[in-house]
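Numbering (this note's numbering), first residue to last: 269 to 524. Using N, Cα and C, we set each Cβ at its ideal position, and we do this for glycine too.
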Ligand SMILES: NC(=O)c1ccc[n+]([C@@H]2O[C@H](COP(=O)([O-])OP(=O)(O)OC[C@H]3O[C@@H](n4cnc5c(N)ncnc54)[C@H](OP(=O)(O)O)[C@@H]3O)[C@@H](O)[C@H]2O)c1
C-alpha cells in the first residue's frame with residue numbers, strides 16, 4: 269500500500285520531483301525549470317562522466333543540494349534496483365512527482381526490416397524499463413504522489429499514425445508502455461492506492477531524438493522549454509480521478 273499522507277499535498281510551495289533520464293532533451297529541461305522554481309529534485313543519468321551529465325550539474329548552479337544526481341540505467345534491472353535502494357535510504361523522503369522520461373528512438377525501425385535486437389532494444393528501454401522503475405518505487409515505503417510516463421502520440425492505438433514510416437519498433441514500444449500504464453493505474457485503484465498514474469505526449473519537440481529526416485511533414489515543432497512549461501501545468505492539474513489517463517502537452521486528453 270502506498271497511501272499518500274495529507275502533508276504531501278499541503279506542502280505546495282516546495283515539492284520533490286524525481287526525473288528519470290535527465291541528461292539532455294526534455295528531461296534536462298524539466299530539471300532546469302524546476303531548479304528555477306526552487307523545487308527539490310532527484311535527477312538520474314546513466315553515464316556520470318559523460319559531458320551531458322556535467323551539463324546537468326551546471327543547471328544546479330551554486331546550490332547542488334537542490335538537485336541530487338543519481339545513476340540509473342533503465343536497461344538494467346540491477347541499476348534500477350540499486351538506484352531505488354539508494355533513494356529509499358534518504359530519511360523522510362516523499363516524492364510528489366516522478367517523471368519517467370528516458371526513452372530511445374533508433375531511426376528507422378521498420379517491421380519489415382528491423383532486427384530482433386533493434387525491436388527488443390526499443391521495447392526494453394521504452395516499455396519494460398519505465399514500468400519496472402515505477403514498480404520498484406511503488407514497492408518502497410516512499411510516498412509517491414504522481415508518476416508520469418513520457419509516452420508519445422506514436423504509441424496511440426486509437427489514432428494510428430500510418431505515415432510514420434520507420435517508427436514500428438518505437439511506436440510498438442510506446443503502445444506497450446501505454447497498455448502497462450493503464451494496468452498499473454487500474455491495479456493501484458483496486459488496492460486503494462492514491463498514487464496518480466499519467467501518460468503524456470510532449471509534442472514534437474526539438475531534441476536530439478527529433479533530429480532525423482522523416483518523409484512526412486512535421487507540423488508544430490516546439491522547443492523543450494515550451495513543452496515542459498506546458499507539461500508542468502498538465503501534471504500539476506491532475507488528481508486521483510485522472511489516474512490512468514493520457515494527455516498532450518496542451519492539456520488535451522489523448523486516445524490510448
Ligand atoms: N522529442 C520528441 O519530439 C518526442 C515526442 C514524443 C515523445 N518523446 C519522448 O520524450 C522522452 C524524452 O525524449 P527527448 O526528445 O528528450 O529525447 P533525447 O533528447 O534523445 O533524450 C533521451 C533521454 O533518455 C535517456 N535514456 C535513454 N536510454 C536510457 C537508459 N537506458 N537509461 C536511462 N536513461 C536513458 C537519455 O540519456 P543519455 O543521454 O544517457 O542517452 C536522455 O536523457 C522520450 O521518452 C521520448 O520517447 C519525445
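Rounded Cβ spacing between residue i and residue j (contact assumed at less than 8 Å)
i           : j           : result
residue 470 : residue 495 : 5 Å
residue 432 : residue 420 : Wrong, their Cβ atoms sit about 10 Å apart, outside the cutoff.
residue 413 : residue 289 : Contact flag wrong, Cβ pair sits at about 19 Å.
residue 492 : residue 293 : 6 Å
residue 380 : residue 415 : 35 Å between Cβ atoms; not a contact.
residue 511 : residue 453 : 5 Å
residue 497 : residue 519 : Not quite, the Cβ-Cβ distance comes to about 12 Å (not below 8 Å), so this is no contact.
residue 363 : residue 398 : Not really, about 16 Å apart at Cβ, beyond 8 Å.
residue 523 : residue 424 : 6 Å
is_contact[residue i, chain C] using C-beta, thresh 7 Å
i           : result
residue 439 : Considering every chain present, this structure includes no chain C. It has just one protein chain.
Ligand 1 heavy atom lying under 6 Å from the CB of residue i
i           : result
residue 418 : yes
residue 473 : yes
residue 293 : yes
residue 519 : no
residue 289 : yes
residue 393 : yes
residue 343 : yes
residue 372 : yes
residue 448 : no
residue 427 : no
residue 470 : yes
residue 476 : yes
residue 369 : yes
residue 315 : yes
Top-ranked residue by Cα proximity to residue i, from the options
i           : options            : result
residue 475 : 504, 291, 345, 282 : 291
residue 546 : 462, 300, 351, 341 : In the structure displayed, the chain extends from 269 to 524; residue 546 sits before or after that span and is not available.
residue 521 : 468, 389, 411      : 468
residue 460 : 402, 509, 361, 384 : 509
residue 484 : 500, 434, 473      : 434
residue 411 : 444, 359, 387      : 359
residue 400 : 385, 445, 383, 388 : 445
residue 349 : 366, 408, 387, 377 : 408
residue 223 : 312, 384, 283      : With the chain covering 269 to 524 only, the question about residue 223 has no answer from this structure.
residue 438 : 386, 488, 297, 458 : 386
residue 481 : 505, 322, 376      : 376
Classification of residue i by the beta-carbon crowding that lies within 10 angstroms, buried from 16 upward
i           : result
residue 486 : exposed
residue 269 : Note that residue 269 scores 37 on pLDDT, short of 50, meaning its location in the model is unreliable; the coordinates nonetheless yield the value given after this. Counting Cβ neighbours within 10 Å, residue 269 comes out exposed, since fewer than 16 surround it.
residue 279 : At residue 279, the pLDDT of 49 sits below 50, so the modelled position is not reliable; the number obtained from the coordinates is stated separately. Classification for residue 279: exposed.
residue 427 : exposed
residue 514 : buried
residue 271 : Low local confidence applies: a pLDDT of 43 at residue 271 is under 50, so the model's placement there is unreliable, and no value is given.
residue 417 : buried
residue 287 : buried
residue 273 : Below a pLDDT of 50, predicted positions are generally treated as unreliable, and residue 273, at 42, falls in that range; the measurement from the model is reported next regardless. Flag for residue 273 reads exposed.
residue 436 : buried
residue 373 : buried
residue 351 : buried
residue 405 : buried
residue 297 : buried
residue 499 : buried
residue 402 : buried
residue 479 : exposed
residue 443 : buried
residue 282 : exposed
residue 314 : buried
Taking the runs of the alpha helix (DSSP H) that are 4 residues or longer, which of them lie wholly in the segment 361 to 393? 384 to 391
What beta strand (DSSP E) runs, 3 residues minimum, are completely inside the segment 442 to 515? 464 to 469
Give the list of continuous alpha helix (DSSP H) stretches no shorter than 4 residues that lie fully inside the segment 288 to 321. 293 to 304
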